[in-house]
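Novice: Input: one structure, supplied below.
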Amino acid sequence: ITGSMPHDFWRNMTNIRFVKLANNKINGTLPEVVDVDDIFEIHYFDISSNLFEGKVPFEFSDYPNLRHFDISNNRLFGFAEAKEKNPSENITSKKNFPRLDVLRMGRNQFNGSIPWKFIKNAGDLEELDLSYNQFSGEISSAIGDMSELRILNLQNNNLTGEIPTEIKNLRQLEELYLNGNDLTFNITHDFCDEIGHYMLALVVDCDKNITCKCCSTKCKDGNK
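So that you can map any letter, position 89 of the sequence shown is 90 in our numbering, and since no number is skipped, the others follow by simple counting.
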C-alpha cells in the first residue's frame with residue numbers, strides 16, 4: 002500500500018476493533034481524530050514500518066479500549082496538542098491509554114525528555130519500547146511504579162545519569178535493554194538476586210560507567 006491516509010479515514014469506524022497497516026509505504030501525517038466515538042472499539046492499532054511523519058494526534062490516548070499501540074519504525078517526532086474540552090484540565094493527571102498493554106514507539110524521531118508522567122498514567126503496560134529515538138535526560142524513578150512491565154527497551158537514545166534503583170521494583174521484568182546510552186549504574190549482586198536471575202535479557206553497555214554482576218554474555222559486545 003502506498004500513498005497517504007484520507008483526511009476522513011477514521012469516520013464511520015465505530016465497529017472496527019483491529020487496525021493493522023504495518024509493513025507498507027504509507028506516507029504523510031496521521032489524520033486528525035475528529036470524534037473519539039468513531040474509534041471507540043479499536044483494541045489493536047499497528048502502523049509500524051511505514052513512512053508516516055509529523056506528530057501523533059493526542060486523541061489516540063483517549064481510546065478507552067486500546068490494548069496494543071504500535072507506531073514504531075516511522076518518521077514521527079511527537080504528539081499533537083490535545084484539544085481539551087476543559088482547558089484547565091491537566092492532561093498528565095488523567096488516565097492516558099487506560100487499558101494499554103503494549104506501547105511501541107521505537108525507531109522514530111522522538112526527542113527531548115521521555116514523557117514519564119504521560120506513560121506512567123497509561124494502563125498496566127507490559128511492554129514499553131522507546132528504542133532508537135533521540136530521547137535525552139534521565140530515566141525517572143517513576144519507572145518503578147510500572148509494576149506490570151515485562152519488556153522495557155530504551156536502547157540507543159541519548160539518556161544520561163544514573164539508572165534509578167527503583168527499577169528493581171519491576172518484579173515482572175523479563176527483558177531490559179539500556180545499551181547505547183550514557184548511563185551509569187552498578188548492577189550489584191543484590192540487584193541480581195532480587196530481579197536479575199528472572200530475566201531473559203539484561204543488556205547494558207559494560208564499561209567504566211556500568212558494572213554488571215549478572216549480565217553475562219547478554220551485555221553489549223559480549224563483555225562481562
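We put the beta carbon where it would ideally sit given N, CA and C, even for glycine. What you are looking at is a predicted structure, and each value in this text was computed from that prediction instead of being measured.
In terms of DSSP beta bridges, what is K169 paired with?
Specialist: Partner(s): none; K169 has no beta bridge.
Novice: Look at K56 and F78 and say whether their C-beta atoms are less than 8 angstroms apart.
Specialist: yes
Novice: S50 and A23 look like a contact to me (Cβ under 8 angstroms); what is the Cβ gap, rounded to whole Å?
Specialist: Cβ-Cβ separation between S50 and A23: approximately 5 angstroms, consistent with a contact (criterion under 8 angstroms).
Novice: Taking just the CA atoms, how far does P99 sit from V204?
Specialist: In this structure, the straight-line span from the alpha carbon of V204 to that of P99 is close to 30 angstroms.
Novice: Which one or two residues does DSSP pair with Y178 in a beta bridge?
Specialist: According to DSSP, Y178 bridges with N154 and V204.
Novice: Rounded to whole angstroms, what's the CA-CA distance from I211 to A202? Just pull it up for me.
Specialist: 16 angstroms
Novice: Pull up the distance between the alpha-carbon of S73 and that of D206, whole angstroms please.
Specialist: 23 angstroms
Novice: If you count every other CB in all the chains shown that lies within 10 Å of the CB of Y64, and 16 or more means buried, which is it?
Specialist: Under this definition Y64 is a buried residue.
Novice: Which residue comes first and which comes last in the beta strand (DSSP E) that contains I27?
Specialist: K26 to G29
Novice: Looking only at its chain, what residues have a beta carbon closer than 6 angstroms to the beta carbon of S114, apart from the 5 residues adjacent to it on each side?
Specialist: G138
Novice: Short check: CB of F192 to CB of K169, under 8 angstroms?
Specialist: Yes, Cβ-Cβ distance for F192 and K169 is below 8 angstroms.
Novice: Assign P7 to buried or exposed, taking buried as 16 or more other Cβ atoms, counted over all protein chains shown, within 10 Å of its Cβ.
Specialist: Looking at its Cβ environment, which holds fewer than 16 other Cβ atoms inside 10 Å, P7 is exposed.
Novice: Taking its Cβ as the centre, do 16 or more other Cβ atoms sit within 10 Å of Y178, making it buried, or is it exposed?
Specialist: Answer is buried; the Cβ neighbour count reaches 16.
Novice: Under 6 angstroms Cβ to Cβ from K1, same chain only, skipping five residues before and after it: list those, please.
Specialist: Any property of residue 1 remains undetermined from this structure, which presents the chain solely from 2 to 225.
Novice: What do you reckon, are the CB atoms on E163 and T185 nearer than 8 angstroms?
Specialist: yes
Novice: Looking at the secondary structure, which residues open and close the alpha helix (DSSP H) in which F119 lies?
Specialist: W117 to K121
Novice: So the beta strand (DSSP E) G107 belongs to, where does it begin and stop?
Specialist: G107 -> no beta strand (DSSP E), and no H or E assigned at all.
Novice: Please state whether DSSP places R18 in a helix, a strand or coil.
Specialist: It is coil, neither helix nor strand.
Novice: Just checking my contact of L131 with M106 at CB under 8 angstroms: how many whole Å lie between their CB atoms?
Specialist: 5 angstroms
Novice: My understanding is that D39 touches R12, with C-beta atoms under 8 angstroms, so please give their C-beta distance in whole angstroms.
Specialist: Contact between D39 and R12 holds: CB atoms are separated by about 6 angstroms, below the 8 angstroms threshold.
Novice: Short of 7 angstroms in beta carbon distance, which residues of its chain neighbour I144, apart from the five on each side in sequence? Order them along the chain.
Specialist: P165, E167 and I168
Novice: Could you check whether E42 and R242 sit closer than 8 angstroms to each other, using their CB atoms as the reference points?
Specialist: Past the edges of the chain, shown from 2 to 225, lies residue 242, and the structure says nothing about it.
Novice: Would you tell me roughly how many angstroms separate the C-alpha atoms of L52 and N134, rounded to the nearest one?
Specialist: 15 angstroms
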